[in-house]
Every structure is written in C-alpha cells, then in structure tokens.
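Following: one structure in structure tokens, then a few remarks.
Residue numbers (the working numbering): 253 to 929.
This is how it looks when you write it as structure tokens:
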C-alpha cells in the first residue's frame, strides 16, 4: 500500500481552517478551474492527453478541504502505486502538511485490502488472510484440475487461471460464470473455478483478483458494511477512469450510491487496456450511469505542437465510440510530422538510429530526448543491435532486453556450442534444456573433473558414461545429446546459407516448445515467447540475406558486439540520458521531445489479431493506442514503416498501416509524393 502522508497538528477550528486552506487557482485555465470548483454531484472530467489532469485532481482535493470537507472523508483512487505516490506528493505540496487528518490516496487493490482486513470474516475468511502469488495459484489450479480428472491437454493450469481472472474482473462468481460458459473448455473451467475458490477459502487465501471481487461481495451481501464506508467517504475521485473493469465499476457505484459525489477523470481516446478487462463504455456512458452528471472537457494541450495535435485529432476522429473533443495546442512549430518509408526493416533501424546518433553527436541533443516506440515486444531487436553497433546509449523501458530473454540465451548457447564445441559454459546452460534427464549434479561433477584433468567435457562424459560412473538414464541422455550436437554441427558447417531454416529444424528436433510450456503456463505468455523465438529466426534470415559469405561465428559475434556490463555508478546516468525503447502501452503517461513510431504496418499496428478477426472494437482500441503514441511527442514526431519484412524466414511485402492515411493531411501526401520523386 502506498503510505498516506502525515500532517502536523493544527490549532485552528474548521471554519478558520477553510479560510486558511483556500487554494490559489490563478494558474489554471477556465475548464480546469471549472473542474476544481465543481465539488458536489457526479462529475466527468474528460482530460485529453497533456491537459494537466493530475494537477486538476490534486487541486480539487485541496479545494474540497478548503471548502470544509474533512480530509479523511476524501477518497482518491488510481491504478498504480507510481500514480498514487505522485498524487500524494503533489497534494502534500499544495496543502503544506498542516492537517490533523489526510485524504485517502491509494490504488484500487490497496483500498480493497483495507476493506477486507476489517470485515472479510463476514465472508467466511480469516481476518489474517494470505494473498497468493502466481506460483501458489498455479499449484492450486493444477490440484483442482487433477481432482476433477481434467488433463492438461484439455485445460492447462495457466489457461484456467487466465479464464478465472477474466471472470473475476467482470465480477462473475463461479455460479454466474457457469451461465456464461460458451464452450466445453469454459464449462470445465467453471467446475474448476468453484473448486479453486473452495480451496482458497478453506486455506484462508485469496488471489489478487479476489481483493476486488470479495470487496464487492462484502458490499452486496452486508449492507451495514457498505453503509459504514459510504459514510466514511463523502467525496470520491477516480483517476484513469477509462481503464476501469466491471468489478471496479461495481465498487465505485456502491460507494457513492447515497451521496453521488463522484468525480472521475479520464480520456476515452486513451482507453488501451481492453485486453485485460477495461471497459471503455464506463466512461462513454457515464451520464447514463450517473444521471445529471456535469461534464468538463480539458482540451488545452500543453505538451505537443500544433502540427502533432492536428495529426492526432484527425486520427482519433475515425473512432465512432468516443466523446467529442478536439485538443488545442499551446505552442506552434514549423517542424512537420514526418512519414518515412524504408525498403526493409533493417534499413529502417539503421537510418532511424543513424539520424538519432547524428542529432546527439553533431547537434548536441541529449540522448534522453529520444524515444523509439513500437507495438510488440519483438520489434526492438533490430534497433537494439543498431544502437549498440553505432554506439548510442539506450534503455529498454518496461521490458526485458531481447538479448537477455531466456529463450534467446538458450538458443544462442545452442548455436555457440555448435559453432565451438569447447564452449563448456554455454554447454552447461543447455545440457538439460529442455529437460532430458541430465541433472545439475551430474553435469557439474563432470565439468569439475574435466577442468581438473584439463580434458574436453565430452571426453570425460563419454568415459564416465561407459564406466557407469553416472546413473544409467543420465549416461544414455549424455551420449544421445552428444550425438545430436555433432550431427547438427555438421549440418551448420555444410549449409551456412540455410542457418535460419536449420535453426528452426533444430528447435523442433529438441522440442523446445516443451521448455516454453514448462516455463510459462499462461498461453498468452507462451505465444509471446514463441514470437521471440520467431524473431530470432528472422534475425538469422536477415543476417544471411545481407551477408555475401555468412558464417555462424560472425552472426554470434554480431549479437555479442557490445559489452553491456557497466559500472554501477554509470547505470543511473545511462537511464537518465539514453534513448528510450518501449512499447506503446509502456509509453502511456510519458512524454518525449522527439518520438519515432516504427513499424507502422498492417498486422503490427493495428495488430494482426484485430486485423484477422475484422474486429471493429479491436481496431478502435488499436487506433487509440496509435493516438497515445502520437501524443507522447512534444516537438518532433516521425512515423516510419518497412516496405518488406522477413516473416517465417522469407521476405514478404507489407501493407502500410491504415492509421497513416487517417492522420495525414493533403499537404502530407504532397510532401511524400515529392520525396518519392
């Protein structure tokens, strides 16, 4: 839970406190003042990108206190600890810490933990309940599936947890979920869901989703508990309201049902989390859910130039389901939004990084001014390679480096051992990946003996296997693995131009998919990790395509070009002054002077899932995601795409993202034609 600030004692009465706490609103524009001064009844603040919503929320809390509302009766809820902490610090700065009590500022989950710690016994749980982590959840899921005799082929534990989480986010109990099941798989999941919940209850445990669901049940089944909390909070504020799911909406509606003093702040044009349960209809239909609601539109943008906002406004206007609003720029610029096409993805990465390096080295622009935004976690691989090659400092934000992912390390070690059998460090990493019955004790002892005798690992291993110095099963596995590596080593040596296809065949031969399934029970995670593997194959194919005389050694050297170990005191400096690589989802809430949105192609943005399904709601969310990316740029925005891209080992033409045409003006099209000539 985010700690709430402590205030120093005050000697004043409530009346003089109100006079003392009067807030200076002179720095606010007219709509911001209107939002801050609207203190009673339902209020929807439509806060467009860069319009100062956090400032409005915190100043509105101060205004409530200044008007005589006791601080402890104000509840302000957001989605992340980071946002709650920022809100807390800003409120403390405005109020100056001169209060006996303070507003409650927290995340949804922190609020619900507080509610449940007081009254969860009313639902049959112990007051000192345990919150399960993911590993514990998977153990329970596996156990209940075994109890109802459901094999992993029919329903895996990770799949079950994903379905249960979706149902809980929608506020569905096991009984209600049974009526919502759409196929045999979900019907099995409803049976397991009931047992899963029974098991948690019997052990006094809850999972993360339960924190919200049980709080809602507490309100619905025990009116006296709800009444107590309705009286506890006379004014409620919700930040990022467009991201609320079904169960969060139920909690909010119940809390404010008596007094209806609810202020929600959000932007339907930035609703990008539908895939995890957020329902944009909550903000679109706010007036229907809370009749008589006042609506304040914050449309004065203090972040982006007029050129950037013109493109953002044109883009998002294509969404049908939205509140009407048009962002207005507070600053003008002669820098136009650029649309760039490159022949392939390698040139896109090379040219973008070359341009960034030029600005850093020749123009003195700080590296921290630049952000490269992409749709999927697989895209940054080429940009990472180029940033390393060209010596540009970078930081991959909100994601693991492509080269640090377990799958890439595993595959790199396989290729290193094939390229250089003496690489025993790489061999030890993969000798039992995927599992083949060679435990770390066996491999460790053999390596220790090899080092002690100064002999190759496989010589020692072969002797030990024949002499019965290792368990029979492990001995057989060792010899089979040695023979497998030798056979693939010959193939890679004889067919260097086929190394991408050979790597794919090797992955199939060792059944690496089983390792992914073992490490990541969640099917969505498995798909993501498979995509990482596919990106690695594409990297090999791209290298071979552009190299006259390719070799496995050279490819591995290229991947290891940059020594990324840095002294600890330089890490913070790199983080503060480095080019940022991040997904569009990770970029929400951030801003940068110079933004490059890359891979602007159909199937990437909008994502292939929405394109293939012809899902209009999905396309609208993808359009909002694109809008979020565009509005991250303060001064300079470049959108680029590759005209062809390697997919599944072959080069294929791409289709420009539909969003490019949607945000263009006639002048943009003329400029592109002239550039093409």
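The C-beta atom is built at its ideal place from N, Cα and C for all residues, glycine as well.
- Secondary structure of residue 915 (DSSP, three-state): helix.
- Following the DSSP letters along the chain, one finds residue 660 in no beta strand (DSSP E) but inside the alpha helix (DSSP H) bounded by residues 658-671.
- Taking all protein chains in view, the Cβ of residue 666 is crowded by 16 or more other Cβ atoms within 10 Å, so the residue is classified as buried.
- Unbroken alpha helix (DSSP H) stretches of 4 residues or longer found wholly inside the segment 856-913: 860-865 and 868-882, given in chain order.
- With respect to the 8 Å criterion, residue 506 and residue 368 are not classified as neighbours on the basis of their beta carbons.
- For residue 701, the three-state secondary structure derived from DSSP is helix.
- Around the beta carbon of residue 300, 16 or more other beta carbons sit within 10 angstroms, so the residue counts as buried.
- Residue 381 carries a coil assignment under DSSP once its states are collapsed to helix, strand and coil.
- DSSP, reduced to helix, strand and coil, places residue 546 within a strand of the structure shown.
- Secondary structure note for residue 846: its beta strand (DSSP E) is the uninterrupted segment 844-849.
- Under DSSP, the beta-bridge partners assigned to residue 487 are 326.
- No beta strand (DSSP E) of 3 residues or more sits fully in the segment 671-744.
- Contiguous alpha helix (DSSP H) elements confined to the segment 567-642 occur at 597-614 and 632-641, taking only those with 4 or more residues.
- Judged by their CB atoms, residue 565 and residue 548 are not nearer to each other than the 8 Å cut-off.
- Classified as buried, residue 769 has 16 or more neighbouring CB atoms from the shown chains inside 10 Å of its CB.
- About 12 Å separates the beta carbons of residue 889 and residue 850, which is beyond the 8 Å limit, so they are not a contact pair.
- Looking at the backbone, the Cα of residue 900 and that of residue 597 are separated by about 14 Å.
- Under the Cβ criterion (8 Å, minimum of three pairs), the segment 354-361 counts as touching the segment 320-335.
- Going by DSSP, residue 415 is part of the alpha helix (DSSP H) stretching over 409-421.
- DSSP places residue 553 in the uninterrupted beta strand (DSSP E) bounded by 552-557.
- Look at residue 373 here: in three-state DSSP terms it is helix.
- Burial is judged here by how many other beta carbons sit within 10 angstroms of a residue's own beta carbon; residue 662 has at least 16 and is buried.
- Under the three-state reduction of DSSP output, residue 299 falls in the strand class.
- Of the residues 339, 525, 693 and 756, the one whose Cα lies closest to the Cα of residue 497 is 525.
- In the three-state reduction of the DSSP assignment, residue 443 falls in the helix class.
- Going by beta carbons, residue 559 and residue 582 fall outside the 8 Å limit.
- Between residue 516 and residue 493, the C-beta gap is smaller than 8 Å, which places the two residues in contact.
- Nearest to residue 776 by alpha-carbon distance, out of 481, 415, 465 and 297, is 415.
- When only Cα atoms are considered, residue 708 and residue 444 end up about 52 Å apart.
- For the pair residue 380 and residue 480, the Cα-to-Cα distance works out to about 21 Å.
- A distance below 7 Å between beta-carbons, with the five flanking residues on each side excluded, links residue 638 to the following residues of its chain, in chain order: 601, 602 and 605.
- Beta bridge pairing from DSSP links residue 853 with 908.
- About 21 Å separates the beta carbon of residue 733 from that of residue 660, a gap too long to meet the 8 Å contact definition.
- A direct Cα-to-Cα measurement between residue 316 and residue 291 gives close to 7 Å.
- Restricting attention to 906, 658, 883 and 504, the CA atom closest to the CA of residue 360 is found in 504.
- In the three-state scheme derived from DSSP, where H, G and I count as helix and E and B as strand, residue 357 is classed as strand.
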